[in-house]
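Residue numbering for the sequence shown is 4 to 270, as defined by the numbering used here.
Here's the structure, in structure tokens; my notes come after.
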Amino acid sequence: MTVLRATLALALTLPLAVSPATEHHEISLADHALILGPTGYPVPSDGMMNAFVEGYLNPLGFDGPYSAFWTPETGQADSIDIGRGLLTTEIINQFQAGELDDNPLWVVGYSQSASIISAIMPELAAAGIPADALHFVLFGNPASPGGMFPELLGWLYSILPTWLREFVDDIVRATGFGEWLGLDDGVPLETPTDLYPVDNFVVDGDGYAQWDNGANIGGLFWQHLFYPGLDISDFHVDSTVDMTTFWESGQVGDALAVLWDSLVAVS
Numbered sequence: 004m005t006v007l008r009a010t011l012a013l014a015l016t017l018p019l020a021v022s023p024a025t026e027h028h029e030i031s032l033a034d035h036a037l038i039l040g041p042t043g044y045p046v047p048s049d050g051m052m053n054a055f056v057e058g059y060l061n062p063l064g065f066d067g068p069y070s071a072f073w074t075p076e077t078g079q080a081d082s083i084d085i086g087r088g089l090l091t092t093e094i095i096n097q098f099q100a101g102e103l104d105d106n107p108l109w110v111v112g113y114s115q116s117a118s119i120i121s122a123i124m125p126e127l128a129a130a131g132i133p134a135d136a137l138h139f140v141l142f143g144n145p146a147s148p149g150g151m152f153p154e155l156l157g158w159l160y161s162i163l164p165t166w167l168r169e170f171v172d173d174i175v176r177a178t179g180f181g182e183w184l185g186l187d188d189g190v191p192l193e194t195p196t197d198l199y200p201v202d203n204f205v206v207d208g209d210g211y212a213q214w215d216n217g218a219n220i221g222g223l224f225w226q227h228l229f230y231p232g233l234d235i236s237d238f239h240v241d242s243t244v245d246m247t248t249f250w251e252s253g254q255v256g257d258a259l260a261v262l263w264d265s266l267v268a269v270s
């Protein structure tokens with residue numbers, strides 16, 4: 004039981020960071036793009052932002068200025084809620100100020116921040132922000148269809164005996180991630196496909212974005228780190244659903260070189 008508890012807690016709170024995150028509590032505004040960091044990076048590094056803009060956004064047609072947007076990005080569940088509130092407020096404020104009238108605001112999320120973006124889309128639509136005012140680009144998104152948030156709890160229930168279900172529920176509640184996993188007959192967090200234009204990038208084997216019945220658990224610690232070291236040429240369009248384009252990589256060849264490039268970018 005102790006092993007199960009530790010494994011589940013680690014999977015839900017594992018930081019991407021391999022070095023301490025820089026403390027920064029100012030929210031930087033951008034005219035045309037906001038870039039959010041992954042767990043451990045409340046402010047994405049310049050190298051990470053450049054890797055995403057030059058490697059992905061520019062080929063997708065983005066041609067404007069960009070800057071970081073601060074969110075907590077801790078391993079605690081309330082980090083998603085806090086980031087959700089900050090980002091929703093910022094986007095609505097920009098919309099109400101007329102800053103999205105001529106050009107869409109691009110918003111980029113990686114790992115935890117991709118979950119934040121997925122969670123706020125219905126709120127933005129309810130606030131009356133039209134589809135042509137925003138464009139989201141997501142990397143290693145746990146809320147991808149088939150990702151950890153939609154799939155983890157059902158997978159656990161399928162592999163464990165019925166009498167353990169209550170124990171599993173208690174573990175999930177203890178992590179604070181029950182809302183996102185669909186505990187207590189809730190709906191797991193899954194990125195909407197029909198509200199705004201989304202480009203959703205998944206590295207093959209990334210356990211956060213491609214759970215695959217637990218087959219990609221190792222990818223939580225490996226492929227999930229690769230995105231800054233790759234670019235759009237390493238991906239192909241797997242499918243398009245409504246306004247969402249799903250990009251997937253093949254098997255990454257020189258994984259150590261890609262990991263090194265990623266670490267250089269995020270440092």
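C-beta: ideal position from N, C-alpha, C; glycine also.
Within the same chain, and ignoring the five residues on either side of L103 in sequence, the residues whose Cβ sits closer than 7 Å to its Cβ are Q97 and A136.
The three-state reading of DSSP puts E251 in strand, counting E and B together. For the pair L159 and A100, the Cα-to-Cα distance works out to about 46 Å.
Under the 8 Å Cβ criterion, the segment 226-244 counts as touching the segment 208-215, having at least three qualifying pairs. Relative to the Cα of G131, the nearest Cα in the group T91, V201 and V267 belongs to T91. Within the segment 135-168, the runs of alpha helix (DSSP H) that reach at least 4 residues and sit entirely inside it are, in chain order, 151-162. In the three-state DSSP reduction, H35 falls in the coil class, being neither helix nor strand. Cβ neighbours of S114 within its own chain (closer than 8 Å, five residues either side excluded): L19, P41, T42, F142, G143, N144, P145, Y211 and H227. Counting along the chain, F55 sits inside the alpha helix (DSSP H) bounded by residues D49 to F55.
For a cut-off of 8 Å, the C-beta gap from P191 to F152 is around 5 Å, short enough to register as a contact.
Note on geometry: alpha-carbon atoms of E76 and G112 lie some 11 Å from one another. The DSSP assignment places 108-113 as complete runs of the beta strand (DSSP E) inside the segment 86-119, in order along the chain (cut-off: 3 residues). Sequence-distant Cβ neighbours of P62 in its own chain, meaning closer than 6 Å and more than five residues away, are I235.
With 16 or more other Cβ atoms inside 10 Å of its own Cβ, S82 counts as buried. Rounded to whole angstroms, the gap between the alpha carbons of G189 and D105 is 38 Å. With a 10 Å radius around the Cβ and a threshold of 16 neighbouring Cβ atoms, F204 comes out buried.
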